[in-house]
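Peer 1:
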Amino acid sequence: MTAGALLPLWSAPFIEPHRRIDASVTVPGSKSLTNRAFILAAQSTNECVIDGALDSRDTRLMADALEQLGCTVDWDSTGSARVRPSRHTMGEARAHIDCGLAGTVMRFVPALCAAAGVHAFFDGDEGARVRPLDALLSALTSAGARITCHGEPGFLPFELDGIPADICGSDGVTNRHAPMTIDVDTHESSQFASALLLSAPLLATRMNRPVQIRLTGRVVSLPHIQMSVRTLQEWGVTVRSGTDEGGLNGPDSATCGSTTPTDAQAPSWIIEPELPILSHVAIEPDLSNAGPFIAAALVTGGQVRIPHWPVHTTQPGDAFRQIAQQMGGQVNVDADGILCVKGPERGRLLGVDRDMSDIGELTPTVAALAAVASTESHLSGISHLRGHETDRVSALRTEIERLGGDVTEHPDALTIRPRALHAADLHTYHDHRMAMFGAIIGLVVDGVRVFDIGTTGKTLPDFVALWQATVASAESGDQ
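Residue 9 is where the sequence shown starts when you use my numbering, and the numbers rise one by one after that.
(1) Could you pull out every residue in the same chain whose Cβ sits closer than 8 angstroms to the Cβ of E253, ignoring the five residues on either side in sequence?
(2) Can you name the residues that DSSP bridges to I314?
(3) Starting from the C-beta of R238, find all residues in its chain whose C-beta is less than 6 angstroms away, skip the five residues before and the five after it, and write them out in chain order.
(4) Once the 5 residues before and after I155 are set aside, which same chain residues still bring their CB inside 6 angstroms of it?
(5) I need the straight-line Cα distance from R329 to V339, nearest angstrom please.
(6) Using DSSP with H/G/I as helix, E/B as strand and the rest coil, what is V479?
(7) For E196, does the count of other Cβ atoms within 10 angstroms reach 16, so buried, or fall short, so exposed?
(8) Which runs of the beta strand (DSSP E) spanning at least 3 residues fall entirely within the segment 344–394, listed in chain order?
(9) Given the structure, does I47 come close to the ligand MG, in the sense that its CB is under 7 angstroms from one of the ligand's heavy atoms?
(10) Quick check: the segment 126–134 against the segment 80–94, are there 3 or more CB pairs under 8 angstroms?
(11) Thinking V91 and I58 are a contact (beta carbons under 8 angstroms), I'd like their distance in whole angstroms, please.
(12) Is A201 near T194, with beta carbons less than 8 angstroms apart?
(13) Using the Cβ count rule (16 or more neighbours within 10 Å means buried), how would you classify A428?
(14) To test your reading of the DSSP string, which unbroken beta strand (DSSP E) runs of 3 or more residues are found completely within the segment 275–332?
(15) May I have the straight-line CA-CA distance separating D106 from G345, to the nearest angstrom?
(16) In this structure, how does DSSP classify N216 when only helix, strand and coil are distinguished?
(17) Between P281 and R217, which are expected to be in contact by the criterion C-beta below 8 angstroms, what is the C-beta distance as a whole number of angstroms?
(18) Out of curiosity, what's the CA-to-CA distance linking R405 and L422?
(19) Please report how far the alpha carbon of L204 lies from the alpha carbon of Q220, in whole angstroms.
(20) Expressed to the nearest angstrom, what Euclidean distance is found between the alpha-carbon atoms of T251 and S276?
(21) Here's the rule I'm using: 16 or more other beta-carbon atoms within 10 Å means buried, otherwise exposed. How should T97 be labelled?
(22) Rounded to the nearest angstrom, what separates I314 and G299 at their Cα positions?
(23) What are the residues that DSSP puts in a beta bridge with G37?
(24) With a threshold of 16 other CB atoms inside 10 Å of the CB of A147, please say whether the residue is buried or exposed.
(25) Between N43 and I279, what straight-line distance do the alpha-carbon atoms span, to the nearest angstrom?
(26) Does the count of Cβ pairs from the segment 49–64 and the segment 449–457 closer than 8 angstroms reach three?
(27) By the DSSP assignment, the beta strand (DSSP E) with T423 in it spans what residues?
(28) Going by DSSP, which residues form a beta bridge with I58?
(29) Assign Q241 to buried or exposed, taking buried as 16 or more other Cβ atoms, counted over all protein chains shown, within 10 Å of its Cβ.
(30) Take A304 as the anchor and find which of M444, T80, E100 has the nearest alpha-carbon.
(31) Per DSSP, what kind of secondary structure is C121 in: helix, strand or coil?
(32) Do you know offhand how far G225's Cα is from A274's?
(33) Going by the beta-carbon positions, is the gap between G108 and A136 smaller than 8 angstroms?
(34) Leaving out five residues on either side along the sequence, give the residues of the same chain with a beta carbon under 6 angstroms from the beta carbon of L77.
(35) Considering only the beta carbon of each residue, do T478 and V33 sit closer than 8 angstroms?
(36) Assuming contact is defined by CB atoms lying nearer than 8 angstroms, are P118 and P209 in contact in what I supplied?
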């Protein structure tokens with residue numbers, strides 16, 4: 009019996025070909041923005057209220073981690089979280105951090121502990137122990153932290169002693185006006201860069217000098233790094249680009265995708281010794297979690313409306329608007345901020361050739377669309393997904409083949425060709441995005457069942473209820 013067979017099976021709702029979804033879906037707050045807000049609130053000069061904070065396993069793990077460091081986090085029924093920081097006593101903490109399977113917790117919190125001079129022990133779920141951390145731990149060590157791994161080097165579990173306040177950094181510079189430079193290799197995860205950026209205000213303040221975060225190696229998921237930079241700026245922290253402004257300006261920068269920058273080109277940011285000052289912040293809807301509902305419209309030929317779509321955002325999920333159009337959908341955002349997506353006629357969905365290096369977390373949803381599309385798709389730039397909650401590249405190939413699909417796995421890509429799919433019991437690998445992949449397929453392939461749909465609680469606890477309501481909106485296309 010496989011591990012998956014020990015988990016509950018969920019029968020994915022199927023929509024008959026003559027029916028069309030017509031739903032409005034309110035998506036909860038962004039996990040990425042919520043956990044970034046938590047990290048900055050912990051360093052803040054004052055108490056902060058985070059409106060629209062996502063209440064999910066990942067964000068609860070982050071809140072629990074902050075409480076281990078002496079902060080107080082109170083959730084209320086209106087969807088807000090109130091954070092009272094403990095900056096002056098944080099360095100006295102001896103914390104035991106449960107990371108679960110949350111990449112933001114296992115990456116962001118060690119950097120915060122290092123910046124605060126905290127002693128902490130980190131561990132997580134069994135699956136978390138295979139997620140890469142070596143580049144981040146190496147960067148923290150170079151900055152003066154002491155790290156002892158209690159298993160495989162570069163992975164959970166590990167113990168950390170934070171950076172002493174009197175250290176000058178790996179660059180050996182003693183001039184207090186010169187930045188302390190920390191290099192980090194981001195080819196496996198953009199979260200390594202975000203972790204250092206988000207904790208830099210506290211480190212710079214403790215050192216009484218600027219901190220420069222400089223990226224080396226291939227840069228993936230650049231929008232998430234830009235999200236961290238923008239979040240710092242919104243919280244009142246001065247952030248300057250240490251290189252060409254392309255490092256700040258988006259996925260068309262020459263340093264993103266498959267490009268490996270030289271030291272002279274490497275994106276870098278200088279953070280001044282200023283603590284975050286916001287006392288109130290509102291979280292955008294999670295656009296990555298909006299993806300499966302957009303996909304529901306595309307695969308059934310129906311339409312979905314999603315309110316509160318931001319006019320300007322650094323969330324990678326905003327790319328779903330362009331992807332939907334490329335695959336034959338109609339997309340519009342009205343003056344009230346309501347995104348409306350209408351799918352092509354059922355069976356007429358187009359394939360897509362897309363570099364996913366900057367928007368990798370969207371790949372399982374786009375792969376589900378590609379698996380039922382009428383033409384070939386090629387999704388490239390995704391090798392870094394092998395270090396996500398599971399090896400998503402191999403997992404997607406395995407599950408598409410389980411459905412009878414035609415797919416080729418490359419080291420850095422998937423090629424998916426049209427083929428009629430059949431019923432199957434799909435595995436999720438404890439990965440919320442793989443569970444959503446199965447739900448999308450089930451809309452148009454009768455008899456699909458998904459192991460452990462509850463894993464969606466990692467970022468969207470109400471997924472099943474929202475999905476069932478979306479399916480219930482389906483009406484006959486003959487009306």
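All C-beta atoms in this analysis are idealised placements derived from N, C-alpha and C, irrespective of residue type, glycine included.
Peer 2: Reading off the structure:
(1) The sequence position of residue 253 within the sequence shown is 245, counting from 1. The predicted position of E253 is uncertain, since its pLDDT is 42 and thus under 50; no value can be drawn from it.
(2) Reading the sequence shown from its first residue, position 306 is the one you call residue 314. Note: I314 sits in a beta bridge opposite L347.
(3) Translated into the one-based positions of the sequence shown, residue 238 becomes position 230. Correct list, in chain order: T322.
(4) Translated into positions along the sequence shown, residue 155 becomes position 147. Excluding positions up to five away in sequence, the list reads L145, T149, F166, L168.
(5) By one-based count along the sequence shown, residue 329 stands at place 321. By one-based count along the sequence shown, residue 339 stands at place 331. Computed Cα separation, rounded: 6 angstroms.
(6) Mapped onto the sequence shown, residue 479 falls at position 471. Helix, per DSSP.
(7) Looking up residue 196 in the sequence shown gives position 188. By the neighbour-count criterion, in which a residue is buried when 16 or more other Cβ atoms sit within 10 angstroms of its Cβ, E196 is buried.
(8) Fully enclosed beta strand (DSSP E) runs of no fewer than 3 residues occupy 347–350, 361–363, 385–388 of the segment 344–394, in order along the chain.
(9) Among the components modelled here there is no ligand, and therefore nothing to report on the ligand MG.
(10) The way I'd put it, the segment 126–134 doesn't touch the segment 80–94; fewer than three beta-carbon pairs between them come closer than 8 angstroms.
(11) Here residue 91 corresponds to residue number 83 of the sequence shown, with the count starting at 1. Here residue 58 corresponds to residue number 50 of the sequence shown, with the count starting at 1. The pair is a contact, with the Cβ atoms about 7 angstroms apart (cut-off 8 angstroms).
(12) Counted from its first residue, the sequence shown places residue 201 at position 193. Counted from its first residue, the sequence shown places residue 194 at position 186. In this structure, T194 lies closer than 8 angstroms to A201 by Cβ.
(13) Translated into the one-based positions of the sequence shown, residue 428 becomes position 420. A428 is exposed by the Cβ-count criterion.
(14) With a minimum length of 3 residues, the continuous beta strand (DSSP E) runs that stay inside the segment 275–332 are 276–279, 288–290, 311–314.
(15) The residue you call residue 106 lines up with position 98 of the sequence shown. The residue you call residue 345 lines up with position 337 of the sequence shown. Cα to Cα, the separation comes out at about 38 angstroms.
(16) As a working mapping, residue 216 is identified with position 208 in the sequence shown. DSSP places N216 in coil when its eight states are reduced to three.
(17) Here residue 281 refers to the residue found at position 273 of the sequence shown. Here residue 217 refers to the residue found at position 209 of the sequence shown. The beta-carbon separation of P281 and R217, rounded to 7 angstroms, stays under the 8 angstroms limit for a contact.
(18) Reading the sequence shown from its first residue, position 397 is the one you call residue 405. Reading the sequence shown from its first residue, position 414 is the one you call residue 422. Each residue's Cα considered, the two are about 8 angstroms apart.
(19) In the sequence shown, residue 204 corresponds to position 196, counting from 1. In the sequence shown, residue 220 corresponds to position 212, counting from 1. Rounded to whole angstroms, L204 and Q220 show a C-alpha spacing of 9 angstroms.
(20) Working through the sequence shown from its first residue, we reach residue 251 at position 243. Working through the sequence shown from its first residue, we reach residue 276 at position 268. T251 and S276 have their C-alpha atoms roughly 6 angstroms apart.
(21) Locating residue 97 in the sequence shown gives position 89, where the first residue counts as 1. Classification for T97: exposed.
(22) Indexing the sequence shown from 1 puts residue 314 at position 306. Indexing the sequence shown from 1 puts residue 299 at position 291. Looking at the backbone, the Cα of I314 and that of G299 are separated by about 10 angstroms.
(23) Working through the sequence shown from its first residue, we reach residue 37 at position 29. Checking the DSSP bridge columns, you'll see G37 partnered with P293.
(24) Walking along the sequence shown from the start, residue 147 turns up at place 139. Burial state of A147 is buried, judged by a 10 Å Cβ sphere holding 16 or more other Cβ atoms.
(25) For the purposes of this step, residue 43 is taken as residue 35 along the sequence shown, with counting starting at 1. For the purposes of this step, residue 279 is taken as residue 271 along the sequence shown, with counting starting at 1. Distance between the alpha carbons of N43 and I279: 20 angstroms.
(26) With fewer than three CB-CB distances shorter than 8 angstroms, the segment 49–64 does not count as touching the segment 449–457.
(27) In the sequence shown, counting from the first residue as 1, residue 423 sits at position 415. Taken as a continuous stretch (DSSP letters only), the beta strand (DSSP E) holding T423 covers 421–425.
(28) Within the sequence shown, the letter at position 50 stands for residue 58. In the DSSP output, where bridge partners are listed per residue, I58 has A89, V289.
(29) On the sequence shown, position 233 is the one that residue 241 refers to. It is exposed - the Cβ of Q241 has fewer than 16 other Cβ atoms within 10 Å.
(30) As a working mapping, residue 304 is identified with position 296 in the sequence shown. Looking at the Cα atoms, M444 is the closest of the given residues.
(31) The residue you call residue 121 lines up with position 113 of the sequence shown. Looking at C121 - three-state DSSP - the assignment turns out to be helix.
(32) Along the sequence shown, one-based indexing puts residue 225 at 217. Along the sequence shown, one-based indexing puts residue 274 at 266. Computed Cα separation, rounded: 8 angstroms.
(33) Here residue 108 refers to the residue found at position 100 when the sequence shown is read from its first residue. Here residue 136 refers to the residue found at position 128 when the sequence shown is read from its first residue. The answer is yes: Cβ separation under 8 angstroms.
(34) For the purposes of this step, residue 77 is identified with residue 69 of the sequence shown, where counting begins at 1. Non-local C-beta neighbours of L77 in its own chain, meaning closer than 6 angstroms and more than five positions away in sequence, comprise M98, A101, A103, ordered along the chain.
(35) Indexing the sequence shown from 1 puts residue 478 at position 470. Indexing the sequence shown from 1 puts residue 33 at position 25. For T478 and V33, yes; Cβs fall inside 8 angstroms.
(36) What you label residue 118 is simply residue 110 of the sequence shown in a count that begins at 1. What you label residue 209 is simply residue 201 of the sequence shown in a count that begins at 1. Their beta carbons are not under 8 angstroms apart, which means P118 does not touch P209 by this criterion.
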